[in-house]
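Residue numbers (the numbering used here): 766 to 1179. We treat Cβ as the ideally placed atom computed from N, Cα and C, and that holds for glycine. Worksheet for the structure shown next.
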Amino acid sequence: MHGKTWPGRLVAWRTIGAAVACFAVAGTNAASAGAVEQMPVTVVVAREAPVTEQIAVVGTLAAREEIQVHSSLEGREIKQILVEVGERVEAGKPLALLDAADTLLALDKNAVSMQRAKVAIAAERSKVDITLVSEREAWKKLERSRSLQPKGAVSDQTLEEHQNAYDRAVAELALARQSLALAEADERIIASERREIELTLERCTLRAPSAGVVLDRRARLGAVPSSSDDPLFTIARDGAIEFVAEVTDGNFVRLKEGMAARIAVPGLDVPVSGTVRLTAARLEPKTRSGSVRIELDSDEWLVPGAYARGEVDTGTRSNVLLPGTAVKSAGGISSVYVVRNDLVSVRNVKVGVQRDNLVEILDGLGDGEMVVLKAGGFLRDRDRVTPVLASVEGGVPRELSEVVVPADAEGVRR
């Protein structure tokens, strides 16, 4: 602008110069009286960058799969507890011991019965062997008598006696074999009873069905649990922890399995990455929301039940991004101050999603155009200015390629 410098305008420029200095403007050169002055303003170059739409989710951490451990024995007192909450266990690791005194006694009795059964089997086998010898001898005598009887060397009465003796021997052998089979059947029954007793004895030791982390312990010393009671132990299978959130219907329908997510967990400086693993088959009629489960890439330092917030990436497009300070909104109209050939022009723009300090420009501004970093009332259309590029450490021009999400999303601030 040319012409005489008015005192009021000079004061305004000095005030603006002090404000611009807060945004790392290189400084202003005081213009001498009567000389041409151009207001220095901080500008940024609008750049087209990827814009990722996200859905904010709020929920809790939970075990991907919980295993409940019950006692399958009724009326057994808990004698010893071997693990505590938070302990990592392997598959088959003992968790608690139940009273097994009567089972051990039954096992001892079974051992005595098995010994008796073995003795009975041995005796019956001996009888079978004896009757088998008697049967063979009776058969030989009968055969000899049959061969001599036609010659008159053996009478019919003797032949008949030998026939009867042989028949008795056969009957005794059959009886002995039946007695042996019965004794062997008794042994098998006793062996089956032993297996049942051993199984009961094994069930007196509650074991972890799978490797994982003990989440809850309701077992108490001296208690007599029932299969209908609450689980004695709850285990997170393999220690796998995931994020579970309830999402309203408008956002729920946009979520698909496999979408990338980031979950901010209290106590961790860096969000945990993950993937949408499962969405509910239907929405709850009362709340109009559905459950979403996000599989996390790491479960280290994650505690089930902890509150967490996250974001799920639902889509990506490319548009111009600007800092929020560069966009002025009034009466539902958004505008920016574009600098070209050191002249300011006010241009209306259509804005899209916004996040942190960035705003997506859908229409009205092109890639590479120079925009005033801080839109304010001190600039007017056709003002002549001296543009100064906003800088970061090292003097590198600021690139606007950060990711943004919908303005109404309540996500995790990065």
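(1) Under 6 Å Cβ to Cβ from residue 841, same chain only, skipping five residues before and after it: list those, please.
(2) What is the residue span of the alpha helix (DSSP H) that residue 1123 lies within?
(3) Tell me, please, whether the stretch 939-948 touches the stretch 879-888 by the rule of three or more beta-carbon pairs shorter than 8 Å.
(4) By the three-class DSSP mapping on this structure, what secondary structure does residue 1051 have?
(5) From what residue to what residue does the beta strand (DSSP E) around residue 1008 run?
(6) With a 10 Å radius around its C-beta and 16 neighbouring C-beta atoms as the bar for buried, classify residue 934 as buried or exposed.
(7) Determine the extent of the beta strand (DSSP E) in which residue 896 is found, giving its start and end residues.
(8) CB-CB under 8 Å to residue 1151, same chain, minus the five flanking residues each way: which ones, in chain order?
(9) I need the boundaries of the alpha helix (DSSP H) containing residue 964, first residue and last residue.
(10) Identify the residues that DSSP records as bridge partners of residue 1091: which are they?
(11) If we call anything under 9 Å between Cβ atoms a contact, is residue 1009 one with residue 824?
(12) Can you grab the Cα-Cα spacing for the pair residue 970 / residue 835, in whole Å?
(13) Under 9 Å between the Cβ atoms of residue 959 and residue 876?
(14) Would you report the Cα separation of residue 1135 and residue 1067, rounded to the nearest angstrom?
(15) Since residue 1065 contacts residue 1027 with CB under 8 Å, what's their CB separation in whole angstroms?
(16) Check the DSSP bridge columns for residue 1060 and list the partner residues they point to.
(17) What residue from 851, 955, 906, 929 has the CA that sits closest to residue 880's CA?
(18) State yes or no: is the beta carbon of residue 942 nearer than 9 Å to at least one beta carbon in chain C?
(19) Distance, Cα to Cα, residue 1057 vs residue 1084?
(20) Among the residues of its own chain, which have a CB less than 8 Å from the CB of residue 831, if the five just before and after it don't count?
(21) List the DSSP bridge partners of residue 977.
(22) Taking C-alpha atoms, which residue in 988, 1079, 1050 lies nearest to residue 997?
(23) Would you mind reading off the limits of the beta strand (DSSP E) that contains residue 1117?
(24) Taking the C-alpha atoms as reference points, what is the distance between residue 896 and residue 926?
(25) Please tell me whether, using a cut-off of 8 Å, the distance from the CB of residue 1091 to the nearest non-hydrogen atom of the ligand ATP is below it.
(26) From 1144, 872, 912, pick the residue whose C-alpha is nearest to that of residue 1101; which is it?
(27) With a threshold of 6 Å on Cβ separation, who are the neighbours of residue 820 within its own chain once the five nearest residues in sequence on each side are excluded?
(28) From the DSSP output, which residues share a beta bridge with residue 1103?
(29) Just to confirm the assignment, what range does the beta strand (DSSP E) spanning residue 997 have?
(30) Count the other C-beta atoms from every protein chain shown that fall within 10 angstroms of the C-beta of residue 1116, then say buried if there are 16 or more, exposed otherwise.
(31) Quick check on residue 1157: does DSSP put it in helix, strand or coil?
(32) How far does the beta strand (DSSP E) with residue 844 in it reach, from first residue to last?
(33) Hey, residue 1088 and residue 1123 are a contact pair by Cβ (cut 8 Å); roughly how many whole angstroms apart?
(34) Candidates 847, 994, 1041: which alpha carbon is nearest residue 1012's?
(35) Return the residue from the list 972, 1046, 1155 that minimises the CA-CA distance to residue 1018.
(36) Using a 10 Å radius around the Cβ and a threshold of 16 neighbouring Cβ atoms, would you call residue 1055 buried or exposed?
The relevant details are as follows:
(1) Taking the sequence shown and counting its residues from 1, one reaches residue 841 at position 76. Cβ neighbours of residue 841 beyond the five flanking positions: 863, 864.
(2) As a working note, residue 1123 is residue 358 in the sequence shown. Careful: residue 1123 lies outside any alpha helix (DSSP H), inside the beta strand (DSSP E) at 1123-1128.
(3) Touching, yes.
(4) In the sequence shown, the residue the question calls residue 1051 occupies position 286. Three-state DSSP puts residue 1051 in coil, outside helix and strand.
(5) Locating residue 1008 in the sequence shown gives position 243, counting from the first residue. Residue 1008 -> beta strand (DSSP E) spans 1006-1013.
(6) Along the sequence shown, one-based indexing puts residue 934 at 169. By the neighbour-count rule (16 or more Cβ atoms within 10 Å), residue 934 is buried.
(7) Counted from its first residue, the sequence shown places residue 896 at position 131. No beta strand (DSSP E) holds residue 896; the alpha helix (DSSP H) holding it covers 866-913.
(8) The residue you call residue 1151 lines up with position 386 of the sequence shown. Only residues of its own chain outside the window of five on either side were considered, and among them 803, 804, 805, 806, 1107 have a CB closer than 8 Å to the CB of residue 1151, listed in chain order.
(9) As a working note, residue 964 is residue 199 in the sequence shown. Residues 921-968.
(10) Here residue 1091 refers to the residue found at position 326 of the sequence shown. Bridge partners of residue 1091: none, in fact.
(11) If you number the sequence shown from 1, residue 1009 lands on position 244. If you number the sequence shown from 1, residue 824 lands on position 59. For residue 1009 and residue 824, yes; Cβs fall inside 9 Å.
(12) Counting from one through the sequence shown, the residue named residue 970 turns up at place 205. Counting from one through the sequence shown, the residue named residue 835 turns up at place 70. Looking at the two C-alpha atoms, the distance is approximately 11 Å.
(13) Here the question's residue 959 lines up with position 194 in the sequence shown. Here the question's residue 876 lines up with position 111 in the sequence shown. Taking C-beta atoms as the reference points, residue 959 and residue 876 count as a pair closer than 9 Å.
(14) In the sequence shown, the residue the question calls residue 1135 occupies position 370. In the sequence shown, the residue the question calls residue 1067 occupies position 302. Computed Cα separation, rounded: 46 Å.
(15) Numbered from its first residue, the sequence shown carries residue 1065 at position 300. Numbered from its first residue, the sequence shown carries residue 1027 at position 262. Rounded, the Cβ-Cβ distance is 16 Å, inconsistent with contact.
(16) Against the sequence shown, residue 1060 aligns to sequence position 295. 1007, 1040.
(17) Counting from 1 along the sequence shown, the entry for residue 880 is found at position 115. Among 851, 955, 906, 929, the Cα nearest to that of residue 880 is on 955.
(18) Given the protein chain composition of this structure (a single chain), no chain C is represented.
(19) Along the sequence shown, read from residue 1 onward, the residue named residue 1057 stands at position 292. Along the sequence shown, read from residue 1 onward, the residue named residue 1084 stands at position 319. Distance between the alpha carbons of residue 1057 and residue 1084 is about 30 Å.
(20) Translated into positions along the sequence shown, residue 831 becomes position 66. Within the same chain, and ignoring the five residues on either side of residue 831 in sequence, the residues whose Cβ sits closer than 8 Å to its Cβ are 980, 999, 1000, 1001, 1002.
(21) Working through the sequence shown from its first residue, we reach residue 977 at position 212. Looking at the DSSP assignment, residue 977 forms a beta bridge with 854, 1002.
(22) If you number the sequence shown from 1, residue 997 lands on position 232. Nearest option by C-alpha distance: 988.
(23) Working through the sequence shown from its first residue, we reach residue 1117 at position 352. Looking at the DSSP string, the run of the beta strand (DSSP E) that includes residue 1117 is 1108-1120.
(24) In the sequence shown, the residue the question calls residue 896 occupies position 131. In the sequence shown, the residue the question calls residue 926 occupies position 161. The alpha-carbon separation between residue 896 and residue 926 amounts to approximately 18 Å.
(25) With respect to the ligand ATP, the structure offers nothing, as it holds no ligand at all.
(26) In the sequence shown, counting from the first residue as 1, residue 1101 sits at position 336. Closest by alpha carbon: 1144.
(27) In the sequence shown, residue 820 corresponds to position 55, counting from 1. Short of 6 Å from the beta carbon of residue 820, and not among the five residues preceding or following it, lie these beta carbons of its own chain, in chain order: 1016, 1077, 1079.
(28) Sequence index remark: in the sequence shown, residue 1103 carries index 338 (1-based). The partner list for residue 1103 (beta bridge, DSSP) reads 1110, 1136.
(29) In the sequence shown, the residue the question calls residue 997 occupies position 232. Premise fails: residue 997 is in no beta strand (DSSP E) and is neither H nor E.
(30) As a working mapping, residue 1116 is identified with position 351 in the sequence shown. Classification for residue 1116: buried.
(31) On the sequence shown, position 392 is the one that residue 1157 refers to. Unreliable positioning characterises residue 1157 in this predicted model, as indicated by a pLDDT of 41, which lies under 50. The coordinate reading is nonetheless provided below. In the structure shown, residue 1157 falls within a coil segment according to DSSP collapsed to helix, strand and coil.
(32) The sequence position of residue 844 within the sequence shown is 79, counting from 1. Note, residue 844: beta strand (DSSP E), 843-846.
(33) For this step, residue 1088 is matched to residue 323 along the sequence shown. For this step, residue 1123 is matched to residue 358 along the sequence shown. Contact flag correct, Cβ pair sits at about 6 Å.
(34) Residue 1012 sits at position 247 when you count from the first residue of the sequence shown. Restricting attention to 847, 994, 1041, the CA atom closest to the CA of residue 1012 is found in 1041.
(35) The sequence position of residue 1018 within the sequence shown is 253, counting from 1. Put simply, of 972, 1046, 1155 the residue whose alpha carbon is nearest the alpha carbon of residue 1018 is 1046.
(36) Along the sequence shown, one-based indexing puts residue 1055 at 290. Under a 10 Å Cβ-count criterion, residue 1055 is classified as buried, with 16 or more other Cβ atoms of the shown protein chains found around its own Cβ.
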